[in-house]
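First the structure, in the form of structure tokens, and then the observations on it.
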Amino acid sequence: MRIFGLNRRIIRVLLGTQYAHMLEYRAEIALWALSGVLPFIMLSVWSGSEARTGLGLDGVALDRYFLSAFLVRQFTVVWVVYAFEEDALLGRLSPYLLQPLHPLWRYVAAHLGEQLTRLPFAVLIAAVFFGVQPQALWIPSPGEFLLAWLATWMAFAIAFLFQSLIAALCFWSEKASALERLQFIPFVFLSGLLAPLTAFPPEVRAFAQWTPFPYLIDFPARVLAGQPVNLMAGFGAQLAWIALLLPLVLLLWRAGVRRYSAMGA
Amino acid sequence: MRRYWHTLRRFWGTAVAVQLEYQANVLIELLAVAMSLSGSLFLLSLFYGPDQTLGGWSWAQALMVQGLYTVFDGMATTWLRPNLGAIVSHVREGTLDFVLLKPIDSQFWLSLRTLSPAGLPEIGLGVALLIWGSLQAGVMLTLPVLLTVLVMVLAGGVILYSLWFLIAATSIWFVKTWNATEVLRAVLAAGRYPLSAYPATLRLLFTFVLPVAFLTTVPAELLLGRVAAPMLLLGLALACGFFVSARAFWLFALRHYTSASS
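And the structure:
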């Protein structure tokens with residue numbers, strides 16, 4: 128039986144091949160993991176600053192928040208628009224479209240394979256962090272950990288769907304990937320990667336709550352760091368964004384494939 | 116020397132002509148720069164409440180640091196990324212052979228072949244921010260100070276170029292680590308804030324190993340008239356040291372170059 132074109136065998140083969148593929152590029156992925164050090168730089172600025180008291184994160188809570196933000200970011204990095212653009216440009220998309228499997232599943236598997244390859248490097252960086260800041264070490268309870276894992280996966284789903292939407296626009300315009308660059312800027316500043324949302328003035332925070340960005344980093348990071356957080360509201364918002372984006376992506380994709388005429392045609 | 120100058124003019128002339136074919140990109144680039152600068156200023160403002168400072172720097176003084184950072188970021192977009200980013204694809208596709216065969220220095224060719232005007236608005240905005248911050252901070256500019264600042268900014272540019280080139284040159288051995296310069300870029304973001312905002316160990320790192328301090332903090336301190344001569348000499352020495360290392364490393368790397376698929 129196949130659900131959305133998938134059955135257990137297809138899932139196993141897709142994940143297995145993509146993981147093997149990503150393992151070949153482990154040096155590259157290690158560097159990508161390392162290039163996510165920005166939360167640590169911001170942590171060092173925040174912890175010495177006079178504005179720190181306004182954050183509501185005292186003692187080790189700030190260390191834990193930024194480490195969690197780093198980890199959540201590691202497992203929500205999405206690059207589907209670049210992979211899709213290359214596949215479309217080189218004509219690899221055409222055979223994918225002929226297969227009885229939605230091409231997006233292939234990208235999902237590639238991302239999961241990459242996350243699995245990234246895992247040891249992310250753990251290593253976290254271990255170095257705890258070596259420098261031993262007092263910040265904490266082990267979330269299994270329940271908290273599961274919730275954080277779920278929140279991170281939902282964040283990944285939102286990011287993936289959002290970028291797939293941009294990727295689907297590539298069917299119409301070659302400039303679509305510039306949109307990805309433009310949306311990345313508010314993401315960086317509003318997601319909580321550089322400053323916890325509690326640092327924002329109330330109006331900005333209220334505005335940010337209506338964008339998908341805080342649910343990509345701030346919410347999962349707070350769950351992981353064991354901060355008091357409104358779980359119902361957070362998961363509710365994440366679900367709402369997925370429910371909004373999923374049909375849009377599918378519709379736009381279907382319309383785009385109808386327009387698609389392969390490169391050089 | 117004249118031949119190099121002549122070649123350089125041709126390189127940049129053609130590069131600009133190519134870029135003018137893609138005018139929509141200019142608009143996108145302007146929008147991206149405006150968004151990202153306002154984001155940075157917003158982030159910086161979070162550190163400032165009523166009578167708060169960041170590492171002893173007032174808001175106006177921190178704006179000067181931010182302005183200098185924006186200038187260097189624009190420089191990276193205009194010059195470093197299009198040129199040094201292409202080294203790895205030359206290595207991977209074997210086109211480095213053609214570069215090496217040309218009767219011109221290969222490092223010169225690889226470092227200055229093209230120019231992307233996309234970063235120019237960013238440089239302009241950075242300079243404007245620097246001037247605005249300086250006026251607010253009450254900087255009294257004299258000619259000797261201005262000249263010293265220009266020399267230090269130039270030294271900062273040389274440091275940035277040399278570091279970037281050193282890392283890009285390692286692709287002769289490790290083609291797969293093409294994104295190593297992304298790590299450098301991530302760490303360079305530390306230059307957005309004054310050096311004294313960081314804890315002591317990071318200050319050492321940002322002064323000697325990855326000398327971000329000399330890009331932004333030192334020129335700003337110079338304008339504010341509170342930097343000592345040893346720091347300037349150290350900056351110049353580091354700039355020379357990094358440049359000589361980059362050159363030596365490139366010559367060393369070329370001896371190990373075996374061309375693609377061999």
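Those protein sequence lines, which keep their order, are chains A and B. Counted the way our numbering counts, the first sequence spans residues 128 to 392. Counted the way our numbering counts, the second sequence spans residues 116 to 377. Glycine is no exception: its CB is placed at the ideal position from the N, C-alpha and C atoms. What you are looking at is a predicted structure, and each value in this text was computed from that prediction instead of being measured.
Chain-order list of residues whose beta-carbon lies under 8 Å from that of residue i (same chain, five-residue window excluded)
i	result
A:I471	Here chain A has residues from 128 to 392 only, and residue 471 of chain A is not among them.
A:R200	G163, P166, L320 and I344
A:I156	M149, E241, T244, R245 and F248
B:A233	Q134, N140, V141, E144, T192 and T193
Per-residue contacts from residue i into chain B (C-beta, under 7 Å)
i	result
A:I312	A147, M150, S151 and G154
A:I168	A304 and A305
A:F197	Neighbours of A:F197 on chain B: none; closest Cβ ~12 Å, over 7 Å.
A:S171	Y313, P314 and L317
Contacts around residue i, its chain only, beta-carbon distance under 6 Å, and the 5 residues preceding and following it disregarded
i	result
B:L195	W279
A:M169	L321
A:A352	R191, Y192 and S195
A:S304	V208 and E212
B:T322	A328
B:A304	none
Within-8 Å CB hit, residue i to chain A
i	result
B:P314	yes
B:N198	no
B:A175	no
B:A301	yes
B:E297	yes
B:F367	no
B:A363	no
B:A132	no
B:Y308	yes
Whether residue i touches residue j by CB criterion (8 Å)
i	j	result
A:F248	A:A160	yes
B:S249	B:F358	no
B:F289	A:A294	no
B:L330	B:G356	no
A:G183	A:F298	no
B:Q251	B:A175	yes
A:S174	B:L169	no
B:Q181	A:A178	no
B:L338	B:V264	yes
A:L97	A:L358	Only positions 128 to 392 of chain A appear in the structure, and residue 97 of chain A is not among them; the question remains open.
B:W172	B:P314	no
B:F364	B:A284	yes
B:V148	B:L240	yes
C-beta neighbour in chain B for residue i, strict 8 Å
i	result
A:S176	yes
A:R129	no
A:G181	yes
A:Y387	no
A:L161	yes
A:A326	yes
A:A305	yes
A:A263	no
A:A294	no
A:A392	Caution is warranted here: a pLDDT of 45 is assigned to A:A392, below 50, making its placement in the model unreliable, and the coordinate value is therefore given only provisionally. Judged by the 8 Å Cβ criterion, A:A392 is not in contact with chain B.
A:L165	yes
A:F256	no
A:L321	yes
A:A147	no
Under 7 Å from the C-beta of residue i: neighbouring residues of chain A
i	result
B:Y184	Going along chain A, no residue has its Cβ under 7 Å from B:Y184, so there is no contact; the nearest lies around 13 Å.
B:F187	Per Cβ cutoff of 7 Å: no residues; B:F187 is ~16 Å from chain A at best.
B:A139	K302
Spatial neighbours of residue i in its chain, beta-carbon cut-off 7 Å, leaving aside the 5 residues before and after
i	result
B:R228	F126 and N198
B:I282	A295, T296 and L299
A:Q262	V187
Within chain B, partners of residue i - CB distance below 8 Å
i	result
A:R308	I143 and A147
Cross-chain neighbours of residue i in chain A, by beta carbon under 8 Å
i	result
B:Y425	Not covered by the structure: residue 425 of chain B. The range shown for chain B is 116 to 377.
B:G170	G175 and S176
B:G164	E177, A178 and G181
B:A233	Neighbours of B:A233 on chain A: none; closest Cβ ~11 Å, over 8 Å.
B:F157	F316 and V331
B:L161	A178, A322, A326 and F327
Supposed contact pair residue j and residue i - C-beta distance, whole angstroms, cut 8 Å
i	j	result
B:L225	B:V242	Not a contact, Cβ separation roughly 28 Å.
A:S291	A:V207	6 Å
B:T193	B:L230	6 Å
B:L235	B:G271	With a Cβ gap of about 18 Å, B:L235 and B:G271 do not count as contacting.
A:L220	A:P230	7 Å
B:G200	A:G181	Contact flag wrong, Cβ pair sits at about 40 Å.
B:L317	A:S171	6 Å
Chain A residues whose Cβ lies nearer than 9 Å to that of residue i
i	result
B:T292	A154, E155, A157 and L158
B:Q167	S176, E177 and A178
B:F289	A154
Residue i beta carbon near the ligand GDP (any heavy atom closer than 7 Å)
i	result
B:L216	Among the ligands in the structure shown, none appear at all, so the ligand GDP cannot be discussed.
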